[in-house]
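Enquirer:
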Amino acid sequence: MATESDKRTTTRRRLLQAVVGLGALGAGRALFGVGDSGGPEPQAVPEPQARPRPPEPPAAAYRLRPMAGETSRSGPGAAAPHADIAYTLSAGRREVFLTFDDGPHPRYTPQILRILRRHRVRATFFVIGENAVGFPGLLRAIAEDGHAVANHTWSHPQLTGLPPDDVRSELGRTSALIDDVLGAAPNLARAPYGAWDDLSLSICNELGMSPVGWATDSLDWTLPGAENIADAVLAGIRPGGIVLAHDGGGPRRQTVEALRWYLPRLLDDGYRPVPIEP
Ligand SMILES: [Zn+2]
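Be aware that the sequence shown starts at 600, since it is given in the numbering used here, and climbs by one per residue.
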């Protein structure tokens, strides 16, 4: 008997297949083969003139509830705060949400996984499809440790101003890749540079994902030194806060070193890092 969640998964899978049909997915799916569960998977081939499917009705279950008044103004190109985007989540029990963007990276992602594992802490990884396609094993390693695997587009463009088909392809390809490798499509997405607009938010929602921002930028992308990264996290942290850091997209030795330093201190202060769950 199909449960509600099965139905949602099926719906999401169909949406992703529609993206496949638009030709956006070629490379990723070719690498992993068509279908991940044995039987041949029907390929949706939309009519050439087919209009995009209308968005699903608001999927309440997918929506994170950002706390009012939280803003995210840091990071290059960060957009103005938007009511649909989560910057801070439930502040109960001093939970905090560590996030790592722009991976996976064959050197830094395993180093970060090792530190998180040592402290029995789980986080959220916003992966770039282009980086993940060559390293399905890293995606599996992230998921097997209990971290959330989330969508950070295929090639990390600024989504604002892109034509709708490009936005749909950037988000849809990465969701389909994650679905192929892990057997479940992601339900969280973060726009590169935190730059969302109404179009990208609505496509994100169509694809069954909640948009996620951040409340504390570790500023690791500016390569300020491990000590400054750790200071930025420790100074900015508060219950419910989402923390931005990076496991790919540049040299991340400082990020790794900083994590090794600030994570035990967060734990000593009674914070509980947990993955984001919609
Ligand atoms: Zn990024």
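Backbone N, C-alpha and C define an ideal beta-carbon position, used for all residues, glycine too. For clarity, every value in this text was computed on a predicted model and none was experimentally measured.
Distance check for residue 876 and residue 786, CA to CA, integer angstroms please.
Expert: As a working note, residue 786 is residue 187 in the sequence shown. As a working note, residue 876 is residue 277 in the sequence shown. Between residue 786 and residue 876, the C-alpha separation is close to 8 angstroms.
Enquirer: Pull the bridge partners of residue 845 from the DSSP assignment, please.
Expert: Along the sequence shown, read from residue 1 onward, the residue named residue 845 stands at position 246. 700, per the DSSP bridge assignment.
Enquirer: Pull up the DSSP beta-bridge partners for residue 816, would you.
Expert: The sequence position of residue 816 within the sequence shown is 217, counting from 1. 843.
Enquirer: What do you get for residue 868, buried or exposed, if any count of 16 or more other CB atoms within 10 angstroms of its CB means buried?
Expert: Walking along the sequence shown from the start, residue 868 turns up at place 269. Residue 868 comes out exposed.
Enquirer: With a cut-off of 5 angstroms, give the chain-ordered residues whose Cβ is closer than this to any heavy atom of ligand 1.
Expert: Chain-ordered list of matching residues: 700, 701 and 791.
Enquirer: Which value, in whole angstroms, describes the spacing of the CA atoms of residue 744 and residue 716?
Expert: Stepping through the sequence shown from its first residue, residue 744 is reached at position 145. Stepping through the sequence shown from its first residue, residue 716 is reached at position 117. Those two C-alpha atoms are separated by around 7 angstroms.
Enquirer: Give every residue of the same chain whose Cβ lies closer than 6 angstroms to the Cβ of residue 746, excluding the five residues on either side of it in the sequence, and list them in chain order.
Expert: By one-based count along the sequence shown, residue 746 stands at place 147. Result list for residue 746: 721, 722, 724 and 874, in chain order.
Enquirer: Please list the terminal residues of the continuous alpha helix (DSSP H) segment that includes residue 766.
Expert: In the sequence shown, residue 766 corresponds to position 167, counting from 1. Segment 763–781, the alpha helix (DSSP H) holding residue 766.
Enquirer: Out of curiosity, what's the CA-to-CA distance linking residue 817 and residue 759?
Expert: Working through the sequence shown from its first residue, we reach residue 817 at position 218. Working through the sequence shown from its first residue, we reach residue 759 at position 160. Rounded to whole angstroms, residue 817 to residue 759 spans 24 angstroms at the Cα level.
Enquirer: Quick one: what's got a C-beta closer than 7 angstroms to residue 689's C-beta in the same chain, skipping five residues either side?
Expert: Along the sequence shown, read from residue 1 onward, the residue named residue 689 stands at position 90. Excluding sequence neighbours, residue 689 sits near 839.
Enquirer: Confirm, please, whether the CB-CB distance from residue 784 to residue 774 is below 8 angstroms.
Expert: Residue mapping note: residue 774 aligns to position 175 of the sequence shown, counting from 1. Residue mapping note: residue 784 aligns to position 185 of the sequence shown, counting from 1. Yes, the pair counts as a contact, with Cβ atoms nearer than the cut-off.
Enquirer: Please report the straight-line C-alpha distance between residue 776 and residue 728, rounded to a whole angstrom.
Expert: Taking the sequence shown and counting its residues from 1, one reaches residue 776 at position 177. Taking the sequence shown and counting its residues from 1, one reaches residue 728 at position 129. Using only the alpha carbons, I get a separation of about 7 angstroms.
Enquirer: If you drop the 5 nearest sequence neighbours on each side, which residues of the same chain put their C-beta closer than 6 angstroms to that of residue 704?
Expert: If you number the sequence shown from 1, residue 704 lands on position 105. 846 and 847, listed in sequence order.
Enquirer: Mind checking who residue 872 pairs with in its DSSP beta bridge?
Expert: For this step, residue 872 is matched to residue 273 along the sequence shown. The partner list for residue 872 (beta bridge, DSSP) reads 695.
Enquirer: Which residue's Cα is closest to the Cα of residue 769: 750, 801 and 830?
Expert: To locate residue 769, count along the sequence shown from 1; it is residue 170. Looking at the Cα atoms, 750 is the closest of the given residues.
Enquirer: Which value, in whole angstroms, describes the spacing of the CA atoms of residue 752 and residue 691?
Expert: Position 153 of the sequence shown, counting from 1, holds the residue named residue 752. Position 92 of the sequence shown, counting from 1, holds the residue named residue 691. About 30 angstroms.
Enquirer: CA-CA distance, residue 694 and residue 766?
Expert: Indexing the sequence shown from 1 puts residue 694 at position 95. Indexing the sequence shown from 1 puts residue 766 at position 167. Taking the straight line from one Cα to the other gives about 32 angstroms.
Enquirer: Taking the straight line between their C-alpha atoms, what separation do you get for residue 859 and residue 851?
Expert: Reading the sequence shown from its first residue, position 260 is the one you call residue 859. Reading the sequence shown from its first residue, position 252 is the one you call residue 851. C-alpha separation (whole angstroms): 13 angstroms.
Enquirer: By a C-beta neighbour count over all protein chains shown, 10 Å radius and 16 as the cutoff for buried, is residue 698 buried or exposed?
Expert: By 1-based counting over the sequence shown, the position of residue 698 is 99. Classification for residue 698: buried.
Enquirer: Whole angstroms are fine: how far does the CA of residue 813 sit from the CA of residue 865?
Expert: Along the sequence shown, read from residue 1 onward, the residue named residue 865 stands at position 266. Along the sequence shown, read from residue 1 onward, the residue named residue 813 stands at position 214. So the two alpha carbons sit approximately 17 angstroms from each other.
Enquirer: In whole angstroms, give me the CA-to-CA distance for residue 825 and residue 772.
Expert: As a working note, residue 825 is residue 226 in the sequence shown. As a working note, residue 772 is residue 173 in the sequence shown. Roughly 34 angstroms between the two C-alpha positions.
Enquirer: Assuming contact is defined by CB atoms lying nearer than 8 angstroms, are residue 740 and residue 781 in contact in what I supplied?
Expert: Residue mapping note: residue 740 aligns to position 141 of the sequence shown, counting from 1. Residue mapping note: residue 781 aligns to position 182 of the sequence shown, counting from 1. No, Cβ-Cβ distance for residue 740 and residue 781 is not below 8 angstroms.
Enquirer: What residue from 756, 857, 763 and 800 has the CA that sits closest to residue 683's CA?
Expert: Residue 683 sits at position 84 when you count from the first residue of the sequence shown. Here the closest residue by C-alpha is 800.
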